[in-house]
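The block underneath contains the structure these notes are about, expressed in structure tokens.
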Amino acid sequence: MKQLVVLSGKGGTGKTSVAAAFAHLAHVDGRGHRAVIADADVDAANLGLLLSPRVRERELFKGGSVAFIDPQSCTACGECAQACRFDAILPPSVSPPSGRSSGLYQVDPIACDGCAACVYRCPTNAITMQEQVAGEWYRSETSFGPLFHATLKPGQENSGKLVTLVKQRARLLAMDEGYDLVLVDGPPGIGCPVISAVSGASLALIVAEPTRSGVHDMSRVLKTVDHFGVRAMVCVNKADIYPEGAEAIVAFCRERNLVMAGRLPFDAVVTEAMVRGEPVTTYRPDARIAAALRMLWQHVVAALWEQAS
Ligand code: SF4
Ligand code: SF4
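By numbering that gives the first Met the number 0, the letter at position 172 of the sequence shown is numbered 171, and the numbering carries on one by one without gaps.
Structure (structure tokens):
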């Protein structure tokens, strides 16, 4: 089973449009390849907007823990507030949300980092760590195969852990039901969720854009991919809107022996397809961009199966 992750150095490069088109093209490939799809961009999950998922299973995601003080056991000694490096323990005079004094120490759950230092410091064992629901993950059906996706509550951390969970579920289903590809729409940038999305991938397709920072954005994500020993290919999206920028990306790839998998033209039908909520390859299969995406998919398939090392 192969795992393809679609990445970009920053948001807004068209990564998700490429991933949605690949979900469709994998489904109609005709060479027996079947894909389980995973939206690993859990901080801003939007692949579902293009694949019209029908949710079949949903589960809560518990991201981390925050401290809770039992008022019955607390003697208001203040030790916990001294131990907390995140200023998350509020003295009696600053009790939220009313601002009035309650006479008790309280934990500000937004500021609490979950380090548990206060638990060990409390002389009366009044503090416990309580797991927080940080979001939900889903198994859905789409017209192009099963989709695993998730939502994270605003301000919640641990998106890397949620990405790992979404990918794990996708992989398990692929193994159980004989799918030969897990197609991952990765998060943009280089943070913790990107690391989770890249780990275990057979191939990373980096969607670059021809802007003044295009090479820089792409090279940052390439470093992350290299670090994990994952093969990478690059495609330039909207290559014709700034040809010099596209050439700079091509030259960068040539210098580093990176495979340039394709150049996608700017095409307004991509936006129309988004508004319609479907991959551009189903919305306008006759469009220039759809032809370019089909060609890109052929390169990716060749790299995944036919030239796999
Ligand atoms: S250390 Fe324990 S007893 Fe002291 S104020 Fe904090 S919670 Fe209360
Ligand atoms: S768990 Fe850590 S961050 Fe949270 S209140 Fe206790 S000491 Fe502060």
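Built from N, CA and C at the ideal position, the CB exists for glycine as well.
Quick caveat, the model's predicted, so the values are computed rather than measured.
Asked                                                                                                                                                             : Found
Using a threshold of 8 Å, state whether the C-beta atoms of Leu180 and Lys1 are closer than that.                                                                 : yes
Hey, would you say the C-beta of Cys73 is under 7 Å away from at least one heavy atom of ligand 2?                                                                : no
Whose CA, out of Leu103, Phe143, Leu59, Arg120, lies closest to the CA of Ala37?                                                                                  : Phe143
For Lys1, which three-state DSSP category applies?                                                                                                                : strand
Tell me whether Gln167 sits in a helix, a strand or coil according to DSSP, three-state version.                                                                  : helix
Any heavy atom of ligand 1 within a distance shorter than 7 Å of the CB on Ala110?                                                                                : no
Is the closest heavy atom of ligand 2 to the C-beta of Ala149 under 7 Å?                                                                                          : no
Give me whichever residues DSSP pairs with Tyr137 in a beta bridge.                                                                                               : Arg57, His148
Please classify Tyr119: is it buried, with 16 or more other beta-carbons within 10 angstroms of its beta-carbon, or exposed?                                      : exposed
Following the continuous beta strand (DSSP E) through Cys234, name the residue where it begins and the one where it ends.                                         : 230 to 235
Should Gly113 be counted as a contact of ligand 2 given a C-beta to heavy atom distance under 7 Å?                                                                : yes
Which partner residues does Thr127 have in the DSSP bridge list?                                                                                                  : Phe67
Between Ser198 and Asp42, how many whole angstroms is the CB-CB distance? I'm expecting something under 8 Å.                                                      : Not quite, the Cβ-Cβ distance comes to about 17 Å (not below 8 Å), so this is no contact.
Work out the CA separation of Leu6 and Lys14 for me, nearest whole Å.                                                                                             : 7 Å
Using 10 angstroms around the beta-carbon of Asn256, count the other beta-carbons present and answer buried if the total reaches 16, otherwise exposed.           : exposed
List the DSSP bridge partners of Ile205.                                                                                                                          : Leu6, Val233
Based on the DSSP output, what are the partners of Arg287 in its beta bridges?                                                                                    : BP columns for Arg287 are empty, so no partner.
Can you have a look at Arg170 and say buried or exposed, based on whether 16 or more other CB atoms are within 10 angstroms of its CB?                            : buried
Under a Cβ-count criterion, where at least 16 other Cβ atoms within 10 Å of its own Cβ denotes burial, should Arg138 be classed as buried or exposed?             : buried
Does the distance between the C-beta of Ala133 and the nearest non-hydrogen atom of ligand 2 fall short of 7 Å?                                                   : no
State whether the region 240 to 248 contacts the region 266 to 286, with contact taken as three or more CB pairs (one from each stretch) at a distance under 8 Å. : no
Under 8 Å by Cβ, that's how I've got Gly185 and Ala196 pegged, so tell me the actual separation to the nearest angstrom.                                          : 4 Å
If you check the beta carbons only, do Leu3 and Ser201 fall under 8 Å apart?                                                                                      : yes
Do Thr210 and Gly244 have their C-beta atoms closer together than 8 Å?                                                                                            : yes
Figure out for me which residue from Asp107, Glu271, Val27 has the closest Cα to the Cα of His16.                                                                 : For clarity, residue 16 is Ser in the given sequence; the question names His instead. That would be Glu271, whose Cα lies nearest to the Cα of Ser16.
What residues are listed by DSSP as bridge partners for Gln105?                                                                                                   : Leu89
What did DSSP end up calling Ser308 once you bin it into helix, strand or coil?                                                                                   : Because Ser308 sits at a pLDDT of 45, beneath the cut-off of 50, its placement in the model cannot be relied upon, and the following sentence gives the value as read from the coordinates. The answer is coil: DSSP assigns Ser308 none of H, G, I, E or B.
Taking Val383 as the reference, give the member of Asp86, Val193, Ala203 with the closest Cα.                                                                     : Nothing can be reported for residue 383, as the shown portion of the chain is limited to 0 through 308.
Only counting the same chain, and skipping five residues up and downstream in sequence, which positions put a Cβ closer than 7 Å to that of Lys9?                 : Pro187, Gly188, Asp216
From which residue to which residue does the alpha helix (DSSP H) around Arg219 run?                                                                              : 213 to 226
Distance, Cα to Cα, Leu295 vs Ala22?                                                                                                                              : 13 Å
Within the chosen definition, does the region 55 to 66 reach the region 125 to 133 through at least 3 CB pairs nearer than 8 Å?                                   : yes
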